[in-house]
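In the order they appear, the protein sequences are chains A and B.
Last residue of the first sequence? That's 271 in my numbering, and every number before it is there in order.
Last residue of the second sequence? That's 271 in my numbering, and every number before it is there in order.
No residue lacks a Cβ here, since even glycine has one placed at the ideal position from N, Cα and C.
Note that the structure is predicted; figures quoted are calculated from it, not measured.
Heads up: the structure comes next, in structure tokens.
There are 2 protein chains.
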Amino acid sequence: MPAARSYSQFCGLARALDVVGDRWSLLIVRELLISPARYGELYQFLAGAATNLLADRLRGLENSGVIERRLDVERGCVVYALTEWGEGLREPVEALVRWSAPLVAAGRGQDAFNARWLVLALQAIAGDRTSPRPVAIGIAVDGAELTLRRDKTGTSVTLGFAPRPATVLSADPETVFSLAAGVISVRDAVTAGGVEGDPRELAAVFASTATPPPPSGSGLAIP
Amino acid sequence: MPAARSYSQFCGLARALDVVGDRWSLLIVRELLISPARYGELYQFLAGAATNLLADRLRGLENSGVIERRLDVERGCVVYALTEWGEGLREPVEALVRWSAPLVAAGRGQDAFNARWLVLALQAIAGDRTSPRPVAIGIAVDGAELTLRRDKTGTSVTLGFAPRPATVLSADPETVFSLAAGVISVRDAVTAGGVEGDPRELAAVFASTATPPPPSGSGLAIP
DNA sequence: CCGCATCCTCATGGATACTG
DNA sequence: CAGTATCCATGAGGATGCGG
């Protein structure tokens, strides 16, 4: 029963952090923003969270009304999913992802990677850009398949090729993150060898490259 | 030298939390989003953070390039301030403040309060609303003075009455938060006695009340 | 197997005293 | 005033156990 240590401040940010400020909490939310998942899947995705902590955080988030247990009828099992209120965390989480562009641009280093996380990154960035025309491209990265689809209703990023887009290319994780973060142009990514296949559709998606201000500090080097 | 424990995940959110995910870090950012401040002021505003933790977090945020020490020429002292990159945290922080609306609507309880925090809350919400016309109102709350000013360039919220607005009224903290969060209408606030003075300008500012979905959980009661 | 609960160790947070 | 130094409480991390 690890009591959520409260800031005890009558302030929106403090109250929000009382709910999702504990370690691992927002990363659990991240996974559920990508898709509902069962306990074992979360344990696998988070890769490093102790099982008791995961159980603690899940119970806490459930008690706070951020997540709920749902019955996955297709798989016939219980999955964790965000409540309607919890879905509202997409905005601040995507804003943090955008803010972190210079941090991911520093390179992967020895860090773990899961292609799922690119779904959120691409939504956070590509969701902003106005579409000149409908487009659907597939990106094969790290053994996974991402589909970026854009039509009149908006932009969506999903896992898997279903249906298979006309244009499919492969790229490495760092290149996709850098493209999404807007710290590299498609042209530079291609010449650097980070992309294989016809990148013309990709160039259309990541046309407007918004370069974020680089962090001035020196403590950002990835060892 | 408390090493920032890293998630070691090649993901924007994880990298961001490696920088600002430690306890108290985002609350320090909150204070500096409102105004630069010196060490003692931060220690006072945060009201509860141990001095060694405050020093640790300040050093960590400085090393990461989020904040920097600046010379306040007017006061002739050193203050902490956000770097340009650190200013970029305004978006995710304000998004968290908006998300927390149901949490602050639960009431103040025994929590500490500082009128400074209303500056951020009002900016987070009022900044969204399109202005029908220029307006400037003063709100006296908890011994402090807030000025909400709106012109062609946008909406700003500042501490102090300078220059003094034509319309000045007083309100209690909970009412202002609830108005900003959009969980109560100006009409209801007035009839409940939370506002003193002519609230007509106030009604113009908080015209469009966006009611957030309430949290479904039961763990949100403020003792 | 999956979904947790228990146990133990140690890093981190919190309160107070102290110093340049 | 702006932090350091110290000491204790607490939560994180890892291994393992256990019931369904």
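**Asked** What is the rounded straight-line gap between the Cα of D70(A) and the Cα of A98(B)?
**Response** A direct Cα-Cα distance of roughly 18 Å separates D70(A) from A98(B).
**Asked** How about L102(B) and Y91(B): do their beta carbons lie closer than 7 Å?
**Response** Between L102(B) and Y91(B), the C-beta gap is smaller than 7 Å, which places the two residues in contact.
**Prompt:** Going by beta carbon distance, what residues of the same chain come within less than 7 Å of L65(B), once the five residues before and after it are set aside?
**Reply:** Only Y55 meet the Cβ criterion.
**Among A184(B), G208(B), L207(B), nearest to R197(B) - alpha-carbon criterion** = The shortest C-alpha separation from R197(B) is found at A184(B).
**Asked** Closer than 7 Å, Cβ to any Cβ of chain A: which residues of the stretch 193-227 of chain B, in chain order?
**Response** Hits within the stretch, in order: P221.
**Item:** Presumed contact (8 Å Cβ cut-off) between V145(B) and L168(B), rounded CB distance
**Value:** At roughly 6 Å, the Cβ-Cβ gap stays under 8 Å, so V145(B) and L168(B) are in contact.
**Prompt:** Got a sec: is the Cβ-Cβ distance from A169(A) to anything in chain B below 7 Å?
**Reply:** Closer than 7 Å to some Cβ of chain B, the Cβ of A169(A) qualifies, so yes.
**Item:** Cβ-based burial, R117(A) [other Cβ within 10 Å; buried from 16]
**Value:** With fewer than 16 other CB atoms across the displayed protein chains lying within 10 angstroms of its CB, R117(A) is exposed.
**Prompt:** Pairing CB atoms from the stretch 218-236 of chain A with CB atoms from the stretch 201-209 of chain A, are three or more of them under 8 Å?
**Reply:** Here the stretch 218-236 of chain A makes no contact with the stretch 201-209 of chain A; the two share fewer than three CB pairs at distances below 8 Å.
**Item:** CA nearest to the CA of E132(B), picked from V114(B), A210(B), P140(B), A214(B)
**Value:** Residue V114(B) is the option with its Cα nearest to E132(B).
**Item:** Integer-rounded CB distance, given that L137(B) should sit under 8 Å from V77(B)
**Value:** That belief holds up - the Cβ atoms of V77(B) and L137(B) are roughly 5 Å apart, short of 8 Å.
**Request:** Give me whichever residues DSSP pairs with L119(A) in a beta bridge.
**Result:** In DSSP, L119(A) forms a bridge with V126(A).
**Message:** For A250(B), tell me which candidate among A240(B), R235(B), T239(B), R63(B) has the shortest Cα-Cα distance.
**Reply:** Inspection of the sequence shows that residue 250(B) is occupied by Leu rather than by Ala. Nearest option by C-alpha distance: R235(B).
**Prompt:** What is the rounded straight-line gap between the Cα of G186(B) and the Cα of A153(A)?
**Reply:** One C-alpha to the other measures close to 44 Å.
**Message:** Whole angstroms are fine: how far does the CA of A95(A) sit from the CA of D159(A)?
**Reply:** Looking at the two C-alpha atoms, the distance is approximately 11 Å.
**Message:** With a threshold of 7 Å between beta carbons, is L151(A) in contact with chain B?
**Reply:** Nearest CB-CB separation between L151(A) and chain B: below the 7 Å threshold.
**Message:** At the level of alpha carbons, what is the spacing between E142(B) and P211(A)?
**Reply:** Spanning the two alpha carbons is a distance of roughly 38 Å.
**Request:** Could you name the residues of the same chain whose beta carbon sits closer than 7 Å to that of G265(B), not counting the 5 residues immediately before and after it, in chain order?
**Result:** For G265(B), the pLDDT reaches just 46, beneath the cut-off of 50, and the residue's location in the model is therefore unreliable, leaving the point undetermined.
**Item:** Within the stretch 153-237 of chain A, ranges of the alpha helix (DSSP H) (whole runs, at least 4 residues)
**Value:** Listed in chain order, they are 164-174, 221-229.
**Item:** DSSP three-state assignment for A85(B), whether helix, strand or coil
**Value:** A85(B): strand per DSSP, three-state reduction.
**Prompt:** How long is the line joining the alpha carbons of L61(A) and S148(B), rounded to whole angstroms?
**Reply:** The alpha-carbon of L61(A) is positioned some 7 Å away from that of S148(B).
**Asked** For F209(B) versus T223(B), is the C-beta spacing smaller than 7 Å?
**Response** Their beta carbons are not under 7 Å apart, which means F209(B) does not touch T223(B) by this criterion.
**Request:** Classify V114(A) as helix, strand or coil using the three-state DSSP reduction.
**Result:** Coil.
**Contacts that E139(A) makes with chain B (C-beta to C-beta distance below 8 Å)** = Using a Cβ-Cβ cut-off of 8 Å, E139(A) is close to A143, R146, W147 of chain B, given in chain order.
**Asked** Under the DSSP definition of a beta bridge, which residues are partnered with Q57(B)?
**Response** Looking at the DSSP assignment, Q57(B) forms a beta bridge with A160(A).
**Request:** My understanding is that L129(A) touches L80(A), with C-beta atoms under 8 Å, so please give their C-beta distance in whole angstroms.
**Result:** Reading the sequence as shown, one finds Ala at residue 129(A) and not Leu. Sure, about 6 Å apart at Cβ, within 8 Å.
**Message:** Measuring only the C-alpha atoms, how far is V68(B) from P140(B)?
**Reply:** Cα atoms of V68(B) and P140(B): separation of roughly 11 Å, rounded to the nearest angstrom.
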